[in-house]
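Read through the structure below, which is laid out as structure tokens, and then see the notes.
Protein chains: 2
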Amino acid sequence: MLEQFKVSHDDAEFVQGDDLKKTVAGIFEKLGVTPEDALLAADVQVLADLRGVDSHGVSNMLKSYITGYQEGSINLRPNWKVVRETPSTATVDSDKGLGTIVTPKAMDIAIQKAKNVGVGMVTIGNARHLGMASYHAMLALPHDMIGICMTSCPPQVLPTFGAEPRLGTNPIAIAVPAKNEPPFVFDVATSSVAVNKIRIAARLGAEIPGGWMAREDGSPIMESGLAPEKFTLLPLGADREGGSHKGYGFSCMVDILAGVLTGFGYGAVPGRPNFGHMVAAYSIDAFTDVEPFKAEMDEWLQMMKSTKPAPGHDRVLVAGQPEAEVEVVRREEGIPLHPDVADWIRDTCSEMSVPCLF
Amino acid sequence: MLEQFKVSHDDAEFVQGDDLKKTVAGIFEKLGVTPEDALLAADVQVLADLRGVDSHGVSNMLKSYITGYQEGSINLRPNWKVVRETPSTATVDSDKGLGTIVTPKAMDIAIQKAKNVGVGMVTIGNARHLGMASYHAMLALPHDMIGICMTSCPPQVLPTFGAEPRLGTNPIAIAVPAKNEPPFVFDVATSSVAVNKIRIAARLGAEIPGGWMAREDGSPIMESGLAPEKFTLLPLGADREGGSHKGYGFSCMVDILAGVLTGFGYGAVPGRPNFGHMVAAYSIDAFTDVEPFKAEMDEWLQMMKSTKPAPGHDRVLVAGQPEAEVEVVRREEGIPLHPDVADWIRDTCSEMSVPCLF
Numbered sequence: 008m009l010e011q012f013k014v015s016h017d018d019a020e021f022v023q024g025d026d027l028k029k030t031v032a033g034i035f036e037k038l039g040v041t042p043e044d045a046l047l048a049a050d051v052q053v054l055a056d057l058r059g060v061d062s063h064g065v066s067n068m069l070k071s072y073i074t075g076y077q078e079g080s081i082n083l084r085p086n087w088k089v090v091r092e093t094p095s096t097a098t099v100d101s102d103k104g105l106g107t108i109v110t111p112k113a114m115d116i117a118i119q120k121a122k123n124v125g126v127g128m129v130t131i132g133n134a135r136h137l138g139m140a141s142y143h144a145m146l147a148l149p150h151d152m153i154g155i156c157m158t159s160c161p162p163q164v165l166p167t168f169g170a171e172p173r174l175g176t177n178p179i180a181i182a183v184p185a186k187n188e189p190p191f192v193f194d195v196a197t198s199s200v201a202v203n204k205i206r207i208a209a210r211l212g213a214e215i216p217g218g219w220m221a222r223e224d225g226s227p228i229m230e231s232g233l234a235p236e237k238f239t240l241l242p243l244g245a246d247r248e249g250g251s252h253k254g255y256g257f258s259c260m261v262d263i264l265a266g267v268l269t270g271f272g273y274g275a276v277p278g279r280p281n282f283g284h285m286v287a288a289y290s291i292d293a294f295t296d297v298e299p300f301k302a303e304m305d306e307w308l309q310m311m312k313s314t315k316p317a318p319g320h321d322r323v324l325v326a327g328q329p330e331a332e333v334e335v336v337r338r339e340e341g342i343p344l345h346p347d348v349a350d351w352i353r354d355t356c357s358e359m360s361v362p363c364l365f
Numbered sequence: 008m009l010e011q012f013k014v015s016h017d018d019a020e021f022v023q024g025d026d027l028k029k030t031v032a033g034i035f036e037k038l039g040v041t042p043e044d045a046l047l048a049a050d051v052q053v054l055a056d057l058r059g060v061d062s063h064g065v066s067n068m069l070k071s072y073i074t075g076y077q078e079g080s081i082n083l084r085p086n087w088k089v090v091r092e093t094p095s096t097a098t099v100d101s102d103k104g105l106g107t108i109v110t111p112k113a114m115d116i117a118i119q120k121a122k123n124v125g126v127g128m129v130t131i132g133n134a135r136h137l138g139m140a141s142y143h144a145m146l147a148l149p150h151d152m153i154g155i156c157m158t159s160c161p162p163q164v165l166p167t168f169g170a171e172p173r174l175g176t177n178p179i180a181i182a183v184p185a186k187n188e189p190p191f192v193f194d195v196a197t198s199s200v201a202v203n204k205i206r207i208a209a210r211l212g213a214e215i216p217g218g219w220m221a222r223e224d225g226s227p228i229m230e231s232g233l234a235p236e237k238f239t240l241l242p243l244g245a246d247r248e249g250g251s252h253k254g255y256g257f258s259c260m261v262d263i264l265a266g267v268l269t270g271f272g273y274g275a276v277p278g279r280p281n282f283g284h285m286v287a288a289y290s291i292d293a294f295t296d297v298e299p300f301k302a303e304m305d306e307w308l309q310m311m312k313s314t315k316p317a318p319g320h321d322r323v324l325v326a327g328q329p330e331a332e333v334e335v336v337r338r339e340e341g342i343p344l345h346p347d348v349a350d351w352i353r354d355t356c357s358e359m360s361v362p363c364l365f
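This is the structure:
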């Protein structure tokens, strides 16, 4: 996340991760989610907060999940099931269950299949928002496996040369275990930027860099400036010269693997449920010896981090490293919540007669 | 490929694909490659030419393959073998065999495994250049499977904030079958641009758009201008504000899956053989019914292509469509070779006493 869009450290109220998790789980449980699932849904959001992925943490997601449950667009007690299966694959009908709850269960299936036959890959249709995609990919790590997660979302991104949004922000996540280094954890939207960053910047009246969005007619805005009232997102690469056909193509890949391949439709299909997901687990042992692999990942990560920096930068980062660094701090200091968010959670708990632990 | 960097149509000598293929196969055979493998290697290059992917066609690749064979860096008769295997995975030691020859065989293994258990995934180490990555991905199409191919290359791309190249152009390809529409075929380097485009532009004295390369000290060149004498490539996204950490991360993913996971090292590891590959096949039938899937891919492709275009553009393209359109023309008209290239092939054939069919 770009520094200027972060919650100021000074204003924040710090809440311990466990307290936040139990509080959020209490809210879900009160809504009618089973205790076990409520804790899982809370864990997904709070891990995002702990790792500094605030866009997918409690402050940004909890309200929409509560609303979804209350309005019935998310199913409190989904009868999710495997509708097709082979030794290395499964297709899950999520029955409108929250993705933060059903996706970890689908990942468990993928991991079990990878244990049995080397690779496990599960598509999930009729699905809902899954939170931080890397949460699900990281479930593979303790099993010495590589984890993958993709999710196809409702359209808000333009295809290259296009004036109508056809694709979601369609993120891709991959997690790879190392030995002593923090794991490689890559988790990005295939759009140029997440829409939340533009919304926050617009709210703050901040200038937005060129290459993030297009005007209403589809023309890319390549100069920095204020956000127009109506805009759409550009794919990664911004315009054709910058390689936007690549960002567009990666987004298409997600729309197919986590959309069409679920059998429950793609992002822009009329009447499709909101989301489709795909998770996969690759057993390292199926390809090569685990310990040398993890030692080489350490070497690879250290090589990347020790790259001589370009002028104006003091170090080179590698995916998963900033999040691991934030996690160390936040597990100690607590999660910084904007005071308005902390108050909103307290009010919500009070209205629902749920204990708030902060 | 950006239009201004293409061989001019007027200057070109047109050669039929089959004639070019037999001629190239003759050269490989004369060097000592088996007749069957020689034809395969030629097919990979000529299909690139037929599909307009000139960067991976005969004119751009043949010379380096001949040199590699002559110098012994590529093995004429590789004793490639599966060194590890599970029902859904295999690891191949390519024994320095040309990637254009060994990778299709590895893909056959992946396809067979996908037939048996749903998914097949094969890593290939100790490997050499595999040509157009989508060639291998597309091998899955006639089997009603989705094909994947990645290849980790020697370093020439900077990590975000870095001043030393740590990653190759590390391409990713995916091919997905449709019913009546040409298949979705996505095949891109994870760098901002292929180095060949910059070399060609430099040779022509043409201006290069901002965001493609960095100065020697690692600072991204964000304004258009002539190429400096020394430059390195930027990851897709160009700089941090443009999302270069995403291009960098995709490139890392390839370095891991097609590098570390092979057990034969990653792109920048000292002493690693030049390339590592990964191919995979996903059986559609393992996830959902094949015919509805292909019909829905048609609908999805048509939806994408019928997107209202932005000002200055007359249509929206989808990955694989431009290549399919070029292929129709070139199978009829022939492949346009620069006269110097055609002459060089004729001279090479003459020196090697190999028949040239044009």
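Line by line, the protein sequences give chains A and B.
Quick note on the numbering used here: the first sequence kicks off at 8 and runs consecutively.
Quick note on the numbering used here: the second sequence kicks off at 8 and runs consecutively.
Ideal Cβ placement from N, Cα and C applies to all residues, glycine included.
A Cβ-Cβ contact shorter than 9 Å links A182/B with G327/B. Looking from the CA of G39/B, the closest CA among I73/B, S62/B and G64/B belongs to I73/B.
Close CB contacts of A45/B within its chain, under the 7 Å cut and outside five residues either way in sequence, are with A32, F35 and E36 (chain order). Here D61/B is buried. Its C-beta has 16 or more other C-beta atoms within 10 Å. Contacts between K315/A and chain B, judged by CB atoms closer than 8 Å, involve G169, A170, E171 and G225 in chain order. Within 10 angstroms of the beta-carbon of T295/B lie 16 or more other beta-carbons, which makes it buried. Distance from the Cα of H63/A is smallest, within the candidate group P94/A, A221/A and E330/A, for E330/A.
Residues of the region 133 to 156 of chain B with a C-beta less than 7 Å from any C-beta of chain A: none at all. Secondary structure in the region 178 to 234 of chain B: the alpha helix (DSSP H) runs of 4 residues or longer, each lying completely within the stretch, are 202 to 211 in chain order. Listed along chain A, no residue sits closer than 7 Å to R58/B by beta-carbon distance, the nearest being about 15 Å off. Boundaries of the beta strand (DSSP E) around M157/A: M152 to S159. Nearest to I155/B by alpha-carbon distance, out of P111/B, P166/B and G132/B, is P111/B. The Cβ atoms of M220/A and S199/A lie closer than 9 Å to each other. In this structure, the beta-carbon distance from A293/B to A121/B falls below 9 Å.
Using a Cβ-Cβ cut-off of 9 Å, H252/B counts as an interface residue toward chain A, since at least one Cβ of chain A sits closer than that to its own. Under DSSP, I342/B shares a beta bridge with V22/B. Within chain A, the C-beta atoms nearer than 8 Å to that of F300/B come from V267, L268 and G270, in chain order. Beyond the five residues adjoining it in sequence on each side, V90/A comes within less than 6 Å, by CB distance, of T98 and D100 in the same chain, given in chain order.
Going by C-alpha positions, D350/B is about 41 Å away from L243/A. By alpha-carbon distance to E214/B, the top candidate from E303/A, E248/A and R210/A is E248/A. Within the same chain, and ignoring the five residues on either side of R337/B in sequence, the residues whose Cβ sits closer than 6 Å to its Cβ are L57. Restricting attention to beta strand (DSSP E) runs no shorter than 3 residues, the region 87 to 140 of chain B encloses them at 88 to 92, 96 to 100 and 126 to 134, ordered along the chain.
For I263/B, the chain A residues whose C-beta falls within less than 7 Å of its own C-beta are V183 and F191, listed in chain order.
When the alpha-carbon of C160/B is set against those of K29/B, N123/B, G266/B and M68/B, the nearest one is in G266/B. DSSP lists A134/A as the bridge partner or partners of F282/A.
Counted as a single uninterrupted DSSP element, the stretch harbouring Y273/B is not any alpha helix (DSSP H), since DSSP gives it neither H nor E.
Per DSSP, the unbroken alpha helix (DSSP H) holding F257/B starts and ends at S251 to L264. Take P280/A, set aside five residues on each side of it, and the residues of its chain with a beta-carbon closer than 6 Å to its own are N133, in chain order.
Spatial neighbours of K28/A in its own chain (CB-CB distance under 7 Å, excluding positions within 5 residues in sequence) are listed in chain order as A49, D50 and V53. As DSSP reads the structure, A288/A sits in a beta bridge with G127/A and G154/A. Going by DSSP, N67/B is part of the alpha helix (DSSP H) stretching over V65 to E78. When secondary structure is reduced to three states using DSSP, P242/B falls in the strand class. With three or more CB-CB distances shorter than 8 Å, the region 178 to 192 of chain A counts as touching the region 303 to 315 of chain A.
A direct Cα-Cα distance of roughly 40 Å separates K301/B from L83/B. Residues M157 and M285 of the same chain have their beta carbon placed closer than 7 Å to that of L264/B, with the five preceding and five following residues left out of the count. F193/A places its beta carbon 9 Å or farther from that of G250/B.
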